[in-house]
Structures are given as structure tokens and as C-alpha cells.
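Below: the structure, in C-alpha cells.
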Amino acid sequence: MTSNPQSETQNSRSPFDVVIVGAGPSGLACAIEAKKHQLQYTVLEKGCITNSILHFPTQMIFFTTPELLEIGGMPLVSDREKPTRNEGLKYYRKVVAAYQLDVHQYEEVVRIEQLESHVFRIHTTESAYDARNVVISIGYYDNPNLMGIPGEDLPHVSHYYTEAHPFFNRDVVVIGGKNSAVETALDLFRGGARVSLVHRGAALGQTVKYWIRPDIENRFKKGEIIPHLNAKVLQITRDHVKTAQNGTTSEIPAQHVFALTGYHPSTKFFDQLGVQYDPDTLRPQYDPQTFETNVEGVYLAGSVIGGRLNGEIFIENGRFHGEALMKAVAENSEKMGT
Ligand SMILES: Cc1cc2nc3c(=O)[nH]c(=O)nc-3n(C[C@H](O)[C@H](O)[C@H](O)COP(=O)(O)OP(=O)(O)OC[C@H]3O[C@@H](n4cnc5c(N)ncnc54)[C@H](O)[C@@H]3O)c2cc1C
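Below, the structure written as C-alpha cells:
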């Protein structure tokens with residue numbers, strides 16, 4: 019990765035044209051476009067590049083065909099119809115290397131303040147950076163939707179699933195009724211865990227992939243995975259998940275619990291900067307042509323735009339935000355003579 023000479027904020031140095039917060043597929047696509055427009059940019063990333071994908075289930079297969087995950091026109095070659103998580107990670111590493119993108123890994127942005135019009139100071143765990151424009155492309159995967167029940171914070175409860183092996187011959191409860199919960203329950207079952215699936219709805223989510231649904235339904239029918247539908251989780255204890263179902267309470271044995279009840283973006287930077295958003299859906303306001311928010315110079319890219327509605331912006335469509343966005347940043351920079 020190339021290093022940018024302007025990494026430290028010093029008042030004598032001119033600010034970056036644009037700082038991109040988050041090195042997911044959308045943030046990286048923005049960086050490529052910034053480079054194409056010869057803008058002075060950097061990317062600040064709290065973890066490693068594509069940190070969210072790193073934390074997806076280890077054996078995950080994308081639901082998207084390879085060409086729809088591509089950024090910067092670089093081909094993603096896979097010998098499968100749909101690439102694996104590992105292939106995706108390898109691909110994005112190659113993109114960053116090929117484009118020599120300036121990414122500061124393991125540098126979390128903690129605060130963004132506006133000093134004046136088109137001057138922002140971005141404070142990280144390591145340093146601070148000044149920029150005329152900021153792109154917030156932080157995704158949603160860092161913030162699980164909590165149920166607000168006792169025991170949710172116990173050490174055997176997790177909001178992220180990686181692989182089945184540690185759960186062999188163990189009682190595992192999976193909470194949730196969408197793709198992540200269903201796929202986790204199936205993987206755990208095939209890894210030799212005793213699995214119960216608890217879902218508050220009367221049926222599994224409508225969006226469960228059509229090729230997964232018959233598999234889980236057959237596991238339910240055969241009693242291989244125990245369904246608890248229409249069940250409200252009341253409490254998690256060290257050994258059980260307590261639920262209320264049709265007026266009766268049950269205690270389901272649970273040595274491990276995966277609460278896969280979705281995720282939502284952080285609104286921290288919106289609040290700090292005065293970006294307007296809907297308090298229920300957490301969807302920010304922005305111009306769909308330029309991706310600029312109500313705060314001039316503050317742009318959004320990728321799945322953060324969807325708020326709580328995670329099912330609308332994926333890599334497939336979020337990868338295009340950078341193109342329109344950086345065109346607008348470049349045009350504005352030219353107008354302002356910077
Ligand atoms: C299990 C699973 C499977 C999926 N499969 C597909 C698929 O097949 N096809 C598809 O198109 N989509 C898929 N998606 C959705 C897709 O992964 C997301 O839409 C995509 O990651 C969004 O990209 P992004 O760049 O907007 O956000 P992210 O990939 O989440 O990137 C955001 C980045 O910002 C960083 N960040 C957050 N806060 C800060 C901070 N304060 N400072 C610095 N950095 C920060 C994060 O570490 C992260 O690297 C899947 C999602 C899941 C959960």
C-alpha cells in the first residue's frame with residue numbers, strides 16, 4: 019500500500035480532498051474513483067481491509083455471482099458459480115495492491131468534527147486528519163440488533179458465527195429466522211451440534227434463499243433441528259434459553275447461543291456532523307445523484323445508506339456509489355479551485 023505524504027494533520031499542510039471512512043467494498047470502490055480523479059485521498063479502516071467479510075462465516079459462499087462483486091473493473095475469477103468468502107478476501111486484497119490504494123488499517127475513526135465549511139477534522143485512534151470532504155462508508159456489521167433481554171451479554175452468547183467445529187456434540191440455540199440464522203443452524207447441525215432454532219415469527223423469513231428453504235424445512239420435519247416458531251425469547255441463562263410460545267414458557271438447553279437478529283449502522287458520525295436521518299429506520303438523507311448528505315462535503319457510500327434495512331444495499335449495488343460520488347467531489351473541488 020502506498021503511503022500518502024499527508025497522513026498527519028499539521029496546520030501547515032493542505033487538507034486531503036477527501037477522507038474515506040471504512041475499507042469495505044464500497045469504501046475501496048470510492049478510493050479507486052478518487053484516485054482516477056487525481057484527488058488527494060486516504061482510507062481509514064478500524065480493522066483490516068474488508069473487515070466485515072473477514073468476520074463472515076468461514077465457509078460462506080456469496081449469494082452473488084463473481085462479476086457482481088467486482089470493483090475498479092478488475093475481474094474476480096472463481097471456478098465456482100458463486101465465489102467463496104476466501105476468494106472474495108483474496109480478490110479485494112489484489113484490488114488494493116493493484117491500485118496501490120492508500121489504506122490505514124487498524125486505525126478507527128472515533129470522531130469527525132466540522133471546523134468550517136468544507137473543512138473536517140477526522141480523529142482516529144492514532145492521529146487526526148483534515149479533509150475538505152468526508153465519505154462515511156462504515157457498513158452496518160459492527161452493531162448487532164440487541165433483544166434487550168437478561169443474559170444477552172453472557173460469554174456463551176454471540177452475534178457472529180464462524181464455523182461448526184467448536185460446537186460438536188453441544189446444545190446450541192440459534193435465534194433468528196432469516197438467512198444468517200437458517201444457514202448457521204444447518205451448518206451447526208452438519209457439524210454435529212444439537213440445534214434448536216428460535217424465531218419470533220410464525221414462519222421463517224420471506225427472504226430465506228430459495229435453495230436453502232427446503233433444506234431447513236426437511237431438517238425440521240425430521241426433527242434434526244428443533245424449531246421453536248412464534249417464540250419470544252425472555253431470558254438467556256448459563257444453560258438455557260427461556261421462551262414464551264403460545265402462552266407457555268419453555269426452557270431450551272443451550273450451552274452456546276447465536277443471536278442472529280440482524281445489524282444496524284452506527285449513527286455516531288451522523289450525530290456529530292448533523293447529518294439528518296430517520297430515527298426509526300436510521301436511514302440518512304442524501305442526494306441520490308451525488309450521495310452528498312444535508313451537510314455539504316459529507317457523503318455516504320455502501321450499506322450504511324440502508325439504515326436498518328440491510329436487505330437493500332449489497333456489494334452488488336453499493337460498489338457503484340463511489341463513481342457518482344467522486345465525480346461530484348471532483349467537480350466541487352474544481353469549482354472551489356482547490
Ligand atoms: C453473511 C453475509 C453474506 C453476504 N453476502 C453477500 C453477497 O453474496 N453479495 C452481496 O452483494 N452482498 C452480500 N452481503 C452484504 C455485503 O456484505 C454488504 O452489503 C457489504 O459488505 C457492504 O459493503 P460496505 O463497504 O458498505 O460495508 P462493509 O463491508 O461493512 O465495510 C465497512 C467497513 O467500515 C469499517 N468501519 C466501521 N466503522 C469504522 C470506523 N469508526 N472507523 C474506521 N473504519 C470503520 C468496517 O471495519 C468495515 O471494514 C452479505 C452480508 C452478510 C452479513
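Under the working numbering, think of the first position of the sequence shown as 19, with each following residue one higher. Here a beta-carbon is modelled for each residue, glycine too, at the ideal position from N, C-alpha and C. Quick caveat: nothing in here was measured; it's all calculated off a predicted structure.
{"Asked": "Reduced DSSP secondary structure (H/G/I, E/B, other) of THR102", "Found": "strand"}
{"Asked": "Beta-carbon proximity of LEU318 to PRO297, cut-off 9 angstroms", "Found": "no"}
{"Asked": "Whole-angstrom distance between GLY45 and GLN263, CA atom to CA atom", "Found": "43 angstroms"}
{"Asked": "Distance between beta carbons of GLU201 and ILE156, contact taken as under 8 angstroms", "Found": "25 angstroms between Cβ atoms; not a contact."}
{"Asked": "Closest Cα partner of LEU87 within the set ARG337, MET354, THR76", "Found": "ARG337"}
{"Asked": "PRO162 CB to nearest heavy atom of ligand 1 below 8 angstroms", "Found": "no"}
{"Asked": "Short Cβ contact (9 angstroms threshold) for ALA149 with PHE34", "Found": "yes"}
{"Asked": "Where LEU172 falls: helix, strand or coil (DSSP)", "Found": "coil"}
{"Asked": "ALA319 in three-state terms, based on DSSP", "Found": "coil"}
{"Asked": "Span of the beta strand (DSSP E) around ALA249", "Found": "249-254"}
{"Asked": "GLY195 Cβ short of 8 angstroms to ligand 1 heavy atom set", "Found": "no"}
{"Asked": "heavy atom of ligand 1 below 8 angstroms from MET165 C-beta", "Found": "no"}
{"Asked": "Pairwise C-alpha distance: GLY90 and GLU330", "Found": "22 angstroms"}
{"Asked": "The segment 183-194 contacting the segment 273-286, beta-carbon criterion three pairs below 8 angstroms", "Found": "yes"}
{"Asked": "Neighbourhood of LEU327 by C-beta, 8 angstroms cutoff - its chain only, sequence neighbours within 5 removed", "Found": "THR299, ARG301"}
{"Asked": "Cutoff 6 angstroms; reference THR27; Cβ partners in own chain excluding five residues on either side", "Found": "At THR27, the pLDDT of 45 sits below 50, so the modelled position is not reliable; the number obtained from the coordinates is stated separately. The answer, listed in chain order, is ALA146, TYR147, ASP148."}
{"Asked": "Contacts around GLU242, its chain only, beta-carbon distance under 7 angstroms, and the 5 residues preceding and following it disregarded", "Found": "PHE207"}
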